[in-house]
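*Asks:* Under our numbering, the residue at position 231 of the sequence shown is numbered 231, and the numbers go up by one with no gaps.
Have a look at the structure that comes next, please.
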Amino acid sequence: MRGVARKNLIGMLHVIITRYFYKMLQQRLNQNDLQFIQVLLGPRQVGKSTAIAQIAEEWKGKAIVESADRLSPPNAEWIAFHWQRALEQDGPCLLAIDEIQKVQRWREQVKILFDRDRHKKQLRVILSGSASLTLQQGLSESLAGRYELIRCPHWGLDESREAFGWDLETYLKFGGYPSAAPMVHEKERWQSFIRDGIIEPVIGRDLQSMINIQKPALLRQLFELAMYYPAQEVSYQKLLGQLQDHGNTATIKHYLEILAGGFLVITLEKFVKSGVRRKSSSPKIIPLAPALIHAFNDPQKIDDEPEWRGRVFECAIGAHLHRLNMGLSYWRENDDGVDFVLQNGPEIIGIEVKSGRRKSEKGLMAFKKLYPEAKTLTMDLEKGRSWLEGEATVQRLRSYI
1 MRGVARKNLI GMLHVIITRY FYKMLQQRLN QNDLQFIQVL LGPRQVGKST
51 AIAQIAEEWK GKAIVESADR LSPPNAEWIA FHWQRALEQD GPCLLAIDEI
101 QKVQRWREQV KILFDRDRHK KQLRVILSGS ASLTLQQGLS ESLAGRYELI
151 RCPHWGLDES REAFGWDLET YLKFGGYPSA APMVHEKERW QSFIRDGIIE
201 PVIGRDLQSM INIQKPALLR QLFELAMYYP AQEVSYQKLL GQLQDHGNTA
251 TIKHYLEILA GGFLVITLEK FVKSGVRRKS SSPKIIPLAP ALIHAFNDPQ
301 KIDDEPEWRG RVFECAIGAH LHRLNMGLSY WRENDDGVDF VLQNGPEIIG
351 IEVKSGRRKS EKGLMAFKKL YPEAKTLTMD LEKGRSWLEG EATVQRLRSY
401 I
C-alpha cells in the first residue's frame, strides 16, 4: 500500500504523547497559580490516557492515576477516597481520573471536593472523558467556573504521516485511530477491530451506561446506515425507511444526537443567517473519522470511485471545521449549495470543497449574492494535505475569520 511505513510501537506512542493537547496540559500543570481542574474531552483511542500516563511519569512528586472504565462503575465515594489520598501526600500531588463520566454522581462530588480544597496549591486535578453528551452537561451544570476544557480530537493527516508515513489517500481510508494502524494491511481484521474495539464499546457500553436508550438495536443500525451516506444530505424519513427496527423521525434525530455525544458522527443543519435552523431541513451527515466510514465500507473505494473519495474527503474537512467549536452548517437553495458554512458571531464564511466531483463556483456565487457580507473559501482535494494538518489548520482558519 502506498505511503504506509511500518514503525514500531514506541514510535507510535511518541507521536500520541506529543499531540498538542499533551503540551498544553503539561504547560498548565506547571503553573504555580493554577486554580482550575483540567478536563480532557475527546473520543476513545486518540491518546488521552497515554498523555495522562506520560505526564504522571514525568511529574515531580506523587501522581495518582485512576480509571473509572470498569464493568461495575464506581460511586462518588471512590472519588473522595482517591482525592483524600492525594491531599495526604507530601508536596505537590497530581490526581488524574480517566473516564470520569462513568462515576455515579461524579459532578456533585467533584464540586464539593474542589470547592473545599481549591486553595490547596499542592493539588493538581485532571479529569478525562469520552462522552461529550453527558460530560459537558455535567461540567456546565455543576462545575462552571471551576475547570478548563482541553479538546482531544481524532488524529489528523499530519500526525498519521509522521507516525506511519501515510499519504492523503491512506488517511482517507484508515485515518482517525492510531491503535488500528498496524492492521491496515489486513482489511477484515482492521474493520473488525474498528467495529468491535472502538465503535461497539462506545455504543454498547459508554452511551448506554449514561443515557436511557430504549432501542439499542436501532441505535446500532442507524449508525451503520449513516456510514453509507458520508457528507450527504439525507432526510430523517429516508433514514427511517431503511431501518429494520422502526421508530419515528423524532427518535432518529435524537439518536443521531446521542451518536454525536460519543464523538462518532455529527449532523449539520441548513444555514439560516438568523441562527435559527430550519427544522424541516435534511441533516448533512459527517462521520468524525474516515476509519468509522470504512469500518462498514471497502476502503478500496477511495481508489476506485472518485465520487466516494470526494465524499470522504469532504467529511474529513467537515471534521476539522468542527474542531473550531463555532457554528457549522451547510447551505442549499434549489440547485445551488455550499458544502459548509462557518459562523462566528457576525462573521460568516461559505466553504466549497472541490474533491474531484464536478463542481462549479455557482453555489459560492449564489451564496455570496444572498449574503454579500460573507467571506468565501475553496478547499481543493489536490491541496488536501494543507487543509488536513490538524491544529495548524485550526489556527489557519481562525486567522482567516
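Ideal Cβ positions, reconstructed from N, Cα and C, are used throughout, including at glycine.
Rounded C-beta distance between residue 61 and residue 42? I'm assuming under 8 Å.
*Replies:* For the purposes of this step, residue 61 is identified with residue 61 of the sequence shown, where counting begins at 1. For the purposes of this step, residue 42 is identified with residue 42 of the sequence shown, where counting begins at 1. Contact doesn't hold; Cβ gap of about 26 Å is too wide.
*Asks:* Can you tell me the Cα-Cα spacing of residue 19 and residue 209, whole angstroms?
*Replies:* For the purposes of this step, residue 19 is identified with residue 19 of the sequence shown, where counting begins at 1. For the purposes of this step, residue 209 is identified with residue 209 of the sequence shown, where counting begins at 1. Approximately 29 Å, taken between the alpha carbons.
*Asks:* Shortest alpha-carbon distance to residue 256 belongs to which of 52, 240, 301 and 67?
*Replies:* If you number the sequence shown from 1, residue 256 lands on position 256. The shortest C-alpha separation from residue 256 is found at 240.
*Asks:* Would you list the residues sitting across from residue 344 in a DSSP beta bridge?
*Replies:* For the purposes of this step, residue 344 is taken as the residue at position 344 of the sequence shown. Looking at the DSSP output, residue 344 shares a beta bridge with 347.
*Asks:* Could you tell me the distance, in whole angstroms, from the CA atom of residue 89 to the CA atom of residue 119?
*Replies:* Sequence index remark: in the sequence shown, residue 89 carries index 89 (1-based). Sequence index remark: in the sequence shown, residue 119 carries index 119 (1-based). One C-alpha to the other measures close to 16 Å.
*Asks:* With burial defined as no fewer than 16 other Cβ atoms inside 10 Å of the residue's Cβ, what is the status of residue 370: buried or exposed?
*Replies:* Against the sequence shown, residue 370 aligns to sequence position 370. Classification of residue 370: exposed, given that the 10 Å Cβ count is below 16.
*Asks:* Kindly indicate which residue of 99, 106, 113 and 301 has the alpha-carbon position closest to the one of residue 174.
*Replies:* For the purposes of this step, residue 174 is taken as the residue at position 174 of the sequence shown. The shortest Cα separation from residue 174 among 99, 106, 113 and 301 belongs to 301.
*Asks:* What do you get for residue 116, buried or exposed, if any count of 16 or more other CB atoms within 10 angstroms of its CB means buried?
*Replies:* Here the question's residue 116 lines up with position 116 in the sequence shown. Result: exposed.
*Asks:* Considering only residues of the same chain and omitting the five flanking positions on each side of residue 311, which have a CB-CB separation below 6 Å?
*Replies:* Within the sequence shown, numbered from 1, the residue matching residue 311 stands at position 311. Correct list, in chain order: 230 and 231.
*Asks:* Do the region 192-211 and the region 316-330 make contact, defined as three or more Cβ pairs closer than 8 Å?
*Replies:* no
*Asks:* Hey, quick one: how far does the beta strand (DSSP E) through residue 379 stretch, first residue to last?
*Replies:* Counting from one through the sequence shown, the residue named residue 379 turns up at place 379. Boundaries of the beta strand (DSSP E) harbouring residue 379: 375-380, taken from the DSSP string.
*Asks:* Are residue 108 and residue 76 close, meaning C-beta to C-beta below 8 Å?
*Replies:* As a position in the sequence shown, residue 108 is number 108, starting the count at 1. As a position in the sequence shown, residue 76 is number 76, starting the count at 1. It is a contact, given that the beta carbons lie within the stated cut-off.
*Asks:* Have a look at 130, 112, 85 and 74 and flag the residue whose alpha-carbon is nearest the alpha-carbon of residue 99.
*Replies:* Counting from one through the sequence shown, the residue named residue 99 turns up at place 99. Checking every option, the nearest Cα to that of residue 99 belongs to 130.
*Asks:* Provide the residue span of the beta strand (DSSP E) that contains residue 38, from first to last.
*Replies:* What you label residue 38 is simply residue 38 of the sequence shown in a count that begins at 1. Segment 37-41, the beta strand (DSSP E) holding residue 38.
*Asks:* What is the DSSP secondary structure of residue 336, counted as helix, strand or coil?
*Replies:* Position 336 of the sequence shown, counted from the first residue, corresponds to residue 336. Three-state DSSP puts residue 336 in a strand.
*Asks:* Sorted by chain position, which residues of the same chain lie with C-beta nearer than 7 Å to residue 142's C-beta, five sequence neighbours on each side aside?
*Replies:* Along the sequence shown, one-based indexing puts residue 142 at 142. Around residue 142: 107, 108 and 111.
*Asks:* Kindly indicate which residue of 78, 94 and 347 has the alpha-carbon position closest to the one of residue 31.
*Replies:* Taking the sequence shown and counting its residues from 1, one reaches residue 31 at position 31. The candidate whose alpha carbon is nearest that of residue 31 is 94.
*Asks:* Throw me the rounded Cβ distance for the residue 197 and residue 289 pair, which I believe falls under 8 Å.
*Replies:* Working through the sequence shown from its first residue, we reach residue 197 at position 197. Working through the sequence shown from its first residue, we reach residue 289 at position 289. Rounded, the Cβ-Cβ distance is 14 Å, inconsistent with contact.
*Asks:* If I measure Cβ to Cβ from residue 333 and keep anything under 8 Å in the same chain, skipping five residues before and after, which residues do I get?
*Replies:* For the purposes of this step, residue 333 is taken as residue 333 along the sequence shown, with counting starting at 1. Excluding residues within five positions, the ones whose Cβ falls inside 8 Å are 366 and 370.
*Asks:* Kindly indicate the opening and closing residues of the beta strand (DSSP E) around residue 309.
*Replies:* Position 309 of the sequence shown, counting from 1, holds the residue named residue 309. Segment 306-322 is the alpha helix (DSSP H) holding residue 309; no beta strand (DSSP E) there.
*Asks:* Rounded to the nearest angstrom, what separates residue 51 and residue 45 at their Cα positions?
*Replies:* By one-based count along the sequence shown, residue 51 stands at place 51. By one-based count along the sequence shown, residue 45 stands at place 45. Roughly 11 Å between the two C-alpha positions.
*Asks:* Which class does residue 455 belong to by DSSP, given the choice of helix, strand or coil?
*Replies:* Look at the range of the chain in this structure, 1 to 401, and you will see that residue 455 is not part of it.
*Asks:* Using the C-alpha atoms, what's the distance from residue 80 back to residue 113?
*Replies:* Taking the first residue of the sequence shown as 1, we reach residue 113 at position 113. Taking the first residue of the sequence shown as 1, we reach residue 80 at position 80. Roughly 7 Å between the two C-alpha positions.
*Asks:* What does the alpha-carbon distance come out to for the pair residue 296 and residue 87?
*Replies:* Here residue 296 refers to the residue found at position 296 when the sequence shown is read from its first residue. Here residue 87 refers to the residue found at position 87 when the sequence shown is read from its first residue. The alpha-carbon atoms of residue 296 and residue 87 are separated by roughly 48 Å.
*Asks:* Starting from residue 216, trace the alpha helix (DSSP H) both ways and give me its first and last residue.
*Replies:* For the purposes of this step, residue 216 is taken as the residue at position 216 of the sequence shown. Taken as a continuous stretch (DSSP letters only), the alpha helix (DSSP H) holding residue 216 covers 216-226.
*Asks:* What did DSSP end up calling residue 153 once you bin it into helix, strand or coil?
*Replies:* Here residue 153 refers to the residue found at position 153 when the sequence shown is read from its first residue. Reduced to three states, the DSSP call for residue 153 is coil.
*Asks:* Measuring CA to CA, which of 265, 188, 186 and 206 is closest to residue 225?
*Replies:* On the sequence shown, position 225 is the one that residue 225 refers to. Nearest option by C-alpha distance: 265.
*Asks:* For residue 276 and residue 268, I'd like the C-alpha separation in whole angstroms.
*Replies:* Within the sequence shown, numbered from 1, the residue matching residue 276 stands at position 276. Within the sequence shown, numbered from 1, the residue matching residue 268 stands at position 268. For residue 276, the pLDDT reaches just 49, beneath the cut-off of 50, and the residue's location in the model is therefore unreliable, although a value from the coordinates is still provided. Computed Cα separation, rounded: 13 Å.
*Asks:* Let me know the alpha helix (DSSP H) ranges lying completely inside the region 44-87, each 4 residues or longer, listed in chain order.
*Replies:* 48-58 and 76-87
*Asks:* Residue 402 lies in the beta strand (DSSP E); which residues open and close that run?
*Replies:* Only positions 1 to 401 of the chain appear in this structure, which leaves residue 402 out of reach.
*Asks:* Here's a check: name, in chain order, each residue in its chain whose Cβ is nearer than 7 Å to the Cβ of residue 53, leaving out the five neighbours to either side.
*Replies:* For the purposes of this step, residue 53 is taken as residue 53 along the sequence shown, with counting starting at 1. Result list for residue 53: 65, in chain order.
*Asks:* Return no unless some Cβ of chain C is closer than 8 Å to the Cβ of residue 20.
*Replies:* Among the chains in the structure shown there is no chain C, since it carries only a single protein chain.
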